[in-house]
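First comes the structure, then the notes that go with it.
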Amino acid sequence: MGWQAPEGRGFYLELTVRQSTAGSYFMACGWNTGYFGIQELNSPTNKVVLFSVWDPTRGNDPNAVPEEQRVQVWHSDPDVRIRRFGGEGTGGQCMWRYRWQVGQTYRFFLRADPSGDRTAYSAYFWIPEENRWKHLATFRTRTGGQWLRGYYSFIEDFRRDRRSVRDVRRAEFGNAWIIDPQGRWHRVTRARFTASGASWESRDNIDGGVTGDRFFLETGGEDRPHPALRSFFEQPNAPEQPPKDLGPLLAVRPFDIPLLDLAPRRDLQVVVDREPGQYLGHPSTCLLEDGRTILCVYPKGHGRGAIVYKRSEDGGLTWSERLPTPPSWATSKETPTIHRVVDAHGKRRLILWSGLYPARLAVSEDDGRTWSELRPVGDWGGIVVMGSVVPLRDRPGHYLAMFHDDGRFFQAEPQVQNPRVMTLYQTFSEDGGLTWSRPEAIFASSEVHLCEPGVIRSPDGSTLAALLRENRRVRLSHVIFSRDEARTWSAPRELPRELTGDRHTGVYAPDGRLFISFRDMAPGSPTWGDWVGWVGTWEDLVEGRPGQYRVRLMDNRHRSDCAYPGVVCLPDGTIVTTTYGHWVEGESPFIVTVRFRLEELDRLARNGPWGVQPADHS
Numbered sequence: 081m082g083w084q085a086p087e088g089r090g091f092y093l094e095l096t097v098r099q100s101t102a103g104s105y106f107m108a109c110g111w112n113t114g115y116f117g118i119q120e121l122n123s124p125t126n127k128v129v130l131f132s133v134w135d136p137t138r139g140n141d142p143n144a145v146p147e148e149q150r151v152q153v154w155h156s157d158p159d160v161r162i163r164r165f166g167g168e169g170t171g172g173q174c175m176w177r178y179r180w181q182v183g184q185t186y187r188f189f190l191r192a193d194p195s196g197d198r199t200a201y202s203a204y205f206w207i208p209e210e211n212r213w214k215h216l217a218t219f220r221t222r223t224g225g226q227w228l229r230g231y232y233s234f235i236e237d238f239r240r241d242r243r244s245v246r247d248v249r250r251a252e253f254g255n256a257w258i259i260d261p262q263g264r265w266h267r268v269t270r271a272r273f274t275a276s277g278a279s280w281e282s283r284d285n286i287d288g289g290v291t292g293d294r295f296f297l298e299t300g301g302e303d304r305p306h307p308a309l310r311s312f313f314e315q316p317n318a319p320e321q322p323p324k325d326l327g328p329l330l331a332v333r334p335f336d337i338p339l340l341d342l343a344p345r346r347d348l349q350v351v352v353d354r355e356p357g358q359y360l361g362h363p364s365t366c367l368l369e370d371g372r373t374i375l376c377v378y379p380k381g382h383g384r385g386a387i388v389y390k391r392s393e394d395g396g397l398t399w400s401e402r403l404p405t406p407p408s409w410a411t412s413k414e415t416p417t418i419h420r421v422v423d424a425h426g427k428r429r430l431i432l433w434s435g436l437y438p439a440r441l442a443v444s445e446d447d448g449r450t451w452s453e454l455r456p457v458g459d460w461g462g463i464v465v466m467g468s469v470v471p472l473r474d475r476p477g478h479y480l481a482m483f484h485d486d487g488r489f490f491q492a493e494p495q496v497q498n499p500r501v502m503t504l505y506q507t508f509s510e511d512g513g514l515t516w517s518r519p520e521a522i523f524a525s526s527e528v529h530l531c532e533p534g535v536i537r538s539p540d541g542s543t544l545a546a547l548l549r550e551n552r553r554v555r556l557s558h559v560i561f562s563r564d565e566a567r568t569w570s571a572p573r574e575l576p577r578e579l580t581g582d583r584h585t586g587v588y589a590p591d592g593r594l595f596i597s598f599r600d601m602a603p604g605s606p607t608w609g610d611w612v613g614w615v616g617t618w619e620d621l622v623e624g625r626p627g628q629y630r631v632r633l634m635d636n637r638h639r640s641d642c643a644y645p646g647v648v649c650l651p652d653g654t655i656v657t658t659t660y661g662h663w664v665e666g667e668s669p670f671i672v673t674v675r676f677r678l679e680e681l682d683r684l685a686r687n688g689p690w691g692v693q694p695a696d697h698s
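Numbering (our numbering), first residue to last: 81 to 698.
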């Protein structure tokens, strides 16, 4: 049955199976590049939801298709099976075991997102007993940038054993809608009755038509008269409005790079600290020169709260109990951050910042075994002091630190403007982090609230980049560059959507690629509010490219409250990233470390269930 409808961005349909038998496919949402429906395999208890997208090539051997022409898997739920198929064309297929029921109405939604010469197709299935949509998979294939077109539904006998042609299969299709690329909904009320013409199928025991506010198709049973093939059915009783819960599915937009998901990988996760009923948040970490000792600090509360201190001596595989801290650390008012500094004479020390007014500093000169009390650094303060502390080039003992404020905490008396202005500040130390200059503003705006600078130096050492959260949520994240050791900065410009989020913290892997961890705040992101990472190159940052791939590290279960990360890279290339989040539904946030190597992610991207090939920007 072919549906008469305009080119679309989304295709919604409801399907009710009235009679089924082994070897039946009830296909709900078909289009010129694939199909999406439910199957009964070899018994009433062996049933699946199936979503398939074709390669852009001819032929039936899936292994003969060149890699660059194959369907790419941009997303798959952890419990679905992904494979390549052949025999009736070739492509990518997603199968989810689900015991659907005869007589139950099931809902299907298909979304298309063209980008360049490819289109990403996302399949969503409504699970009625759980009252939720399941995002089965997103497949991306070469289409020339097409939207949805060529809509159809069918009933198929794939048992094909001569007897099966007499088994009755009947289904009803209805409440079909297309949303066009301009966002207008179109009710589908006209369908053309067709048959495949395959030699194993009969055209004498088929039927179709209108029943109530639905269309129906039926095959099997005795031969009987049926409507003329290629005739049209009209449905005058179709609903007047599309379902109201499709908006969030349309708001999700895939990225132009692969998305990996490490959230199910418990083997990569280490719990650093957890206390029932206690909010633990916002960790900061520092790797010592032995390449295995990591220090971690975080507040016992949301930013404000006593500073908790822990130590790992095996690269984040295990963590100590909570270590003793000076009494003043219990008075911390804002997220603490910890940094390694070295003075002009080679003296190593650690510094710990605690923000708001006044900004305070603690110092350790024995690799964190003992610490000073927190002391005011000057007659100034700010929010998340300091997100970044970086050494300046060719000036031993000289450091740059950056933070932000909105007028509430920079001085003793708040100076809040209307509309509120967010200001980026920088301050300098010339004595290995013991004293700091009065901060100077480098950017201020009421239109975009740029904050939480995460500074990364170019591989050749010549340029600094500060990645910035946009806190009004009206623009993407931004970046500024300095080529003169922070004497001047470029005007802010937006980062790609792939890097839009909060509290960017990055490290270089041994192969020169960047890994940047952050809280995902990209509009329409399928992992919005989760803890994510980005893999790419310095050149990607400079040229505004999307990078190689993104990875969800853990699934945050409470809005977007997570992912102020500490990120370090061990000498063997293991990236150890640590943050807080609501990792268990309904429970207080706690601290978790995730450990991995980029080589492992590369293998996962190429050979894992995602089946994607990371882009090569070399």
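Cβ atoms here follow ideal geometry from the backbone N, Cα and C, with glycine treated the same way.
Terminal residues of the beta strand (DSSP E) in which residue i lies
i: G327; result: From DSSP, G327 is part of no beta strand (DSSP E) but of the alpha helix (DSSP H) over G327 to A331.
i: W569; result: Element bounds for W569: n/a, residue is neither H nor E.
i: L130; result: N126 to W134
i: C174; result: G171 to R177
i: L504; result: M502 to S509
i: G513; result: That residue, G513, is in no beta strand (DSSP E); it is neither H nor E in DSSP.
i: P471; result: I463 to P471
i: Q358; result: From DSSP, Q358 is part of no beta strand (DSSP E); its letter is neither H nor E.
i: A200; result: R198 to I207
i: P379; result: I374 to P379
i: C649; result: G646 to C649
i: E236; result: Y232 to D237
i: T221; result: R212 to R222
i: P194; result: T185 to S195
i: D485; result: Y479 to D485
Presumed contact (8 Å Cβ cut-off) between residue i and residue j, rounded CB distance
i: V133; j: G114; result: 4 Å
i: T218; j: S195; result: Wrong, their Cβ atoms sit about 12 Å apart, outside the cutoff.
i: S444; j: W451; result: 5 Å
i: T170; j: P142; result: 4 Å
i: G172; j: V153; result: 6 Å
i: M107; j: S233; result: 6 Å
i: D260; j: E87; result: 6 Å
i: R243; j: S100; result: Not really, about 16 Å apart at Cβ, beyond 8 Å.
i: G381; j: M81; result: So it is not a contact: roughly 60 Å between Cβ atoms.
Among the options, the one whose alpha carbon lies nearest that of residue i
i: D293; options: V674, E314, D353 and P305; result: E314
i: R270; options: S276, A256 and P261; result: A256
i: G263; options: D193, L544 and T659; result: D193
i: R164; options: L130, Q628 and D682; result: L130
i: P651; options: G371, G139, R138 and R229; result: G371
i: P158; options: E87, C649, R345 and E578; result: R345
i: Y204; options: A144, L216 and V245; result: L216
i: L367; options: G361, L360, Y359 and C376; result: C376
i: V48; options: G254, V647 and L530; result: Since the first and last residues shown for the chain are 81 and 698, residue 48 lies out of range.
i: R552; options: T543, G581 and A318; result: G581
i: I536; options: F561, G513 and E520; result: F561
i: Y505; options: V528, E680, D511 and E532; result: E532
i: P404; options: G395, Y389 and D303; result: Y389
i: V554; options: T415, Y359, M601 and Y186; result: M601
i: H306; options: P316, F188 and T274; result: T274
i: A643; options: L621, T617 and F670; result: F670
i: E369; options: V422, E401 and K413; result: V422
i: E493; options: W227, L436, R549 and V465; result: L436
i: T365; options: S468, P406, A144 and G458; result: S468
i: W569; options: L579, H558 and R577; result: H558
i: P208; options: E94, W265 and P319; result: E94
Endpoints, alpha helix (DSSP H) assigned at residue i
i: D65; result: Residue 65 lies beyond the stretch modelled for the chain, which goes from 81 to 698, so this question has no answer here.
Subject >> Length at least 3, wholly inside the stretch 93-119: the beta strand (DSSP E) runs in chain order >> reply: 104-111
Subject >> Three-pair Cβ contact test at 8 Å for the stretch 635-643 versus the stretch 660-674 >> reply: yes
Original post:
Mind pulling the beta strand (DSSP E) runs of 3 or more residues that sit fully within the stretch 519-548?
Top reply: 520-525 and 530-537
Original post:
Along the chain, which unbroken stretches of the beta strand (DSSP E) at least 3 residues long are found entirely within the stretch 260-296?
Top reply: 265-267, 270-272 and 286-291
**OP:** Would you check if there are 3 or more beta carbon pairs closer than 8 Å linking the stretch 321-330 to the stretch 609-617?
**Re:** no
**OP:** Run through the stretch 298-356 for me and flag every whole alpha helix (DSSP H) of 4 or more residues, listed as ranges in chain order.
**Re:** 327-331
**OP:** Pair every Cβ in the stretch 202-216 with every Cβ in the stretch 348-366, then say whether three or more of these pairs are closer than 8 Å.
**Re:** no
Original post:
Which ranges does the beta strand (DSSP E) cover as unbroken runs of at least 3 residues, wholly within the stretch 381-435, from first to last along the chain?
Top reply: 387-392, 417-422 and 428-434
**OP:** Tell me, please, whether the stretch 480-494 touches the stretch 460-472 by the rule of three or more beta-carbon pairs shorter than 8 Å.
**Re:** yes
Original post:
Does the pairing of the stretch 520-530 with the stretch 587-598 give three or more beta-carbon distances under 8 Å?
Top reply: no
Original post:
Between the stretch 280-287 and the stretch 121-128, are three or more C-beta pairs nearer than 8 Å?
Top reply: no
Original post:
Counting pairs of beta carbons, one from the stretch 506-517 and one from the stretch 537-544, are three or more of them closer than 8 Å?
Top reply: no
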